[in-house]
Amino acid sequence: MVDTKEVVSYIIIIIIALLIAQHLNVVVSGSMEPVFQRGDIVAVEKANLLGIHEFDPKDVRVGDIVVYNAKWVKEPVIHRVINITEINGSTYYVIKGDHNNAPDPYYVEPNQITDRVITIGGNPVIIPYIGNINLWIKGL
(Lines of atoms letter the chains of each structure in order from A and count residues from 1; the text may use other names and numbers.)
(Lines give C-alpha, C1' and ligand atoms only; values in the text may rest on other atoms or scores of the structure.)
Protein backbone atom coordinates (compact mmCIF):
# COMPACT_ATOMS: atom_id res chain seq x y z
CA MET A 1 0.00 0.00 0.00
CA VAL A 2 1.26 3.46 -0.93
CA ASP A 3 1.49 6.04 1.83
CA THR A 4 0.08 9.30 0.42
CA LYS A 5 2.08 11.46 2.86
CA GLU A 6 5.31 9.76 1.79
CA VAL A 7 4.56 10.28 -1.92
CA VAL A 8 3.70 13.94 -1.30
CA SER A 9 6.91 14.45 0.69
CA TYR A 10 8.97 12.94 -2.17
CA ILE A 11 7.25 15.22 -4.68
CA ILE A 12 8.00 18.26 -2.50
CA ILE A 13 11.65 17.22 -2.16
CA ILE A 14 11.96 16.82 -5.95
CA ILE A 15 10.36 20.24 -6.58
CA ILE A 16 12.70 21.90 -4.06
CA ALA A 17 15.73 20.18 -5.63
CA LEU A 18 14.69 21.35 -9.10
CA LEU A 19 14.22 24.94 -7.89
CA ILE A 20 17.64 24.90 -6.20
CA ALA A 21 19.25 23.43 -9.33
CA GLN A 22 17.78 26.30 -11.39
CA HIS A 23 19.70 28.72 -9.15
CA LEU A 24 23.12 27.13 -9.65
CA ASN A 25 25.39 27.66 -12.64
CA VAL A 26 28.61 25.79 -13.44
CA VAL A 27 31.62 27.90 -14.45
CA VAL A 28 33.07 26.43 -17.68
CA SER A 29 36.17 28.57 -18.18
CA GLY A 30 38.87 30.45 -16.31
CA SER A 31 37.81 33.85 -17.65
CA MET A 32 36.68 35.07 -14.22
CA GLU A 33 39.74 33.96 -12.23
CA PRO A 34 40.61 34.61 -9.45
CA VAL A 35 37.00 35.38 -8.40
CA PHE A 36 35.95 31.88 -9.35
CA GLN A 37 37.54 28.94 -11.14
CA ARG A 38 36.50 26.54 -13.87
CA GLY A 39 34.35 23.89 -12.19
CA ASP A 40 33.02 26.14 -9.44
CA ILE A 41 29.27 26.48 -9.06
CA VAL A 42 27.85 29.97 -8.56
CA ALA A 43 24.48 30.80 -7.05
CA VAL A 44 22.31 33.01 -9.25
CA GLU A 45 19.03 34.85 -9.21
CA LYS A 46 16.85 34.53 -12.30
CA ALA A 47 15.52 37.26 -14.57
CA ASN A 48 12.59 34.97 -15.39
CA LEU A 49 11.84 31.66 -13.70
CA LEU A 50 8.44 30.43 -14.83
CA GLY A 51 7.15 33.99 -14.88
CA ILE A 52 8.77 34.96 -11.57
CA HIS A 53 11.20 37.86 -11.96
CA GLU A 54 13.80 37.78 -9.18
CA PHE A 55 15.56 40.79 -10.67
CA ASP A 56 15.12 43.12 -13.63
CA PRO A 57 18.03 43.01 -16.12
CA LYS A 58 17.53 46.75 -16.60
CA ASP A 59 18.62 47.19 -12.95
CA VAL A 60 22.02 45.56 -13.49
CA ARG A 61 24.86 47.81 -12.36
CA VAL A 62 28.57 48.14 -13.10
CA GLY A 63 30.36 45.49 -11.04
CA ASP A 64 27.53 42.93 -11.18
CA ILE A 65 28.46 39.48 -12.47
CA VAL A 66 25.81 38.26 -14.90
CA VAL A 67 25.01 35.25 -17.03
CA TYR A 68 23.96 36.16 -20.54
CA ASN A 69 23.27 34.62 -23.93
CA ALA A 70 26.21 35.83 -26.00
CA LYS A 71 26.08 36.38 -29.74
CA TRP A 72 29.62 35.07 -30.14
CA VAL A 73 29.47 31.70 -28.37
CA LYS A 74 26.89 28.93 -27.98
CA GLU A 75 27.00 28.51 -24.19
CA PRO A 76 25.84 31.19 -21.71
CA VAL A 77 28.67 33.46 -20.52
CA ILE A 78 29.35 34.46 -16.90
CA HIS A 79 31.20 37.80 -16.86
CA ARG A 80 31.22 41.15 -15.06
CA VAL A 81 29.52 44.36 -16.22
CA ILE A 82 32.25 46.98 -16.61
CA ASN A 83 30.28 49.80 -18.26
CA ILE A 84 26.75 50.79 -19.18
CA THR A 85 26.12 52.93 -22.23
CA GLU A 86 23.12 54.47 -23.98
CA ILE A 87 22.91 54.34 -27.78
CA ASN A 88 19.91 55.92 -29.52
CA GLY A 89 17.90 55.71 -26.30
CA SER A 90 18.66 52.02 -25.66
CA THR A 91 20.75 50.64 -22.80
CA TYR A 92 23.71 48.38 -23.55
CA TYR A 93 26.18 46.68 -21.24
CA VAL A 94 29.91 46.29 -21.76
CA ILE A 95 30.88 42.98 -20.17
CA LYS A 96 34.28 41.39 -19.54
CA GLY A 97 35.76 38.36 -17.84
CA ASP A 98 38.00 39.52 -14.97
CA HIS A 99 40.89 37.41 -16.32
CA ASN A 100 40.42 38.52 -19.94
CA ASN A 101 42.47 41.32 -21.50
CA ALA A 102 39.57 42.84 -23.44
CA PRO A 103 35.79 43.21 -23.08
CA ASP A 104 33.48 40.71 -24.75
CA PRO A 105 33.19 41.48 -28.49
CA TYR A 106 29.60 42.76 -28.57
CA TYR A 107 27.40 45.05 -26.50
CA VAL A 108 24.88 43.13 -24.41
CA GLU A 109 21.20 44.10 -24.35
CA PRO A 110 19.14 43.69 -21.16
CA ASN A 111 17.05 40.92 -22.77
CA GLN A 112 20.20 38.78 -23.20
CA ILE A 113 20.83 38.70 -19.44
CA THR A 114 19.29 35.62 -17.85
CA ASP A 115 20.88 35.52 -14.38
CA ARG A 116 22.80 37.63 -11.91
CA VAL A 117 25.33 36.06 -9.55
CA ILE A 118 24.26 36.35 -5.92
CA THR A 119 26.75 38.14 -3.69
CA ILE A 120 27.06 38.44 0.07
CA GLY A 121 29.20 41.31 1.27
CA GLY A 122 30.37 41.89 -2.30
CA ASN A 123 31.58 38.29 -2.67
CA PRO A 124 29.85 35.84 -5.03
CA VAL A 125 28.23 32.78 -3.49
CA ILE A 126 30.35 29.86 -4.74
CA ILE A 127 30.48 26.11 -4.23
CA PRO A 128 34.06 25.32 -5.27
CA TYR A 129 35.03 22.55 -7.72
CA ILE A 130 31.79 20.48 -7.55
CA GLY A 131 30.87 21.54 -11.08
CA ASN A 132 33.87 19.62 -12.45
CA ILE A 133 31.70 16.50 -12.34
CA ASN A 134 29.20 18.20 -14.66
CA LEU A 135 31.98 19.39 -16.98
CA TRP A 136 33.44 15.87 -17.13
CA ILE A 137 30.06 14.31 -17.94
CA LYS A 138 29.44 16.90 -20.70
CA GLY A 139 32.97 16.46 -22.05
CA LEU A 140 33.85 20.13 -21.60
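Heads up: the sequence shown runs through residues 3 to 142, numbered per the numbering used here.
Glycine included, C-beta positions come from ideal geometry on N, C-alpha and C.
Please return the same chain residues whose Cβ sits closer than 8 Å to the Cβ of Tyr94, not counting the five positions on each side in sequence. Ile86, Thr87, Glu88, Tyr109, Val110, Glu111
In this structure, how does DSSP classify Asp61 when only helix, strand and coil are distinguished? DSSP, read as helix, strand or coil, puts Asp61 in helix.
If you measure between the beta carbons of Ile80 and Val119, is that distance less than 9 Å? yes
Here's the rule: buried if 16 or more other CB atoms are within 10 angstroms of the residue's CB, otherwise exposed. What is Gln24? exposed
In whole angstroms, give me the CA-to-CA distance for Trp74 and Ala104. Taking the CA atoms as reference points, Trp74 sits about 14 Å from Ala104.
Would you kindly report the start and end of the unbroken alpha helix (DSSP H) that includes Ser92? It is not in any alpha helix (DSSP H) - Ser92 instead sits in the beta strand (DSSP E) that spans 92-98.
Pick from Gly41, Val37, Lys76 that is closest to Val30, judged by C-alpha positions: Gly41
Inter-residue spacing [alpha-carbon to alpha-carbon] between Gly65 and Glu8: 45 Å
Within the 9 Å Cβ cut-off, does Ile122 reach chain D? Here there is only one protein chain, and chain D is not present.
Between the beta-carbon of Pro150 and the beta-carbon of Ile67, is there less than 9 Å? What is shown of the chain runs 3 to 142, which leaves residue 150 out entirely.
Relative to the C-alpha of Ile115, which candidate in Val10, Gly141, Leu51, Ile22 has its C-alpha closest? Leu51
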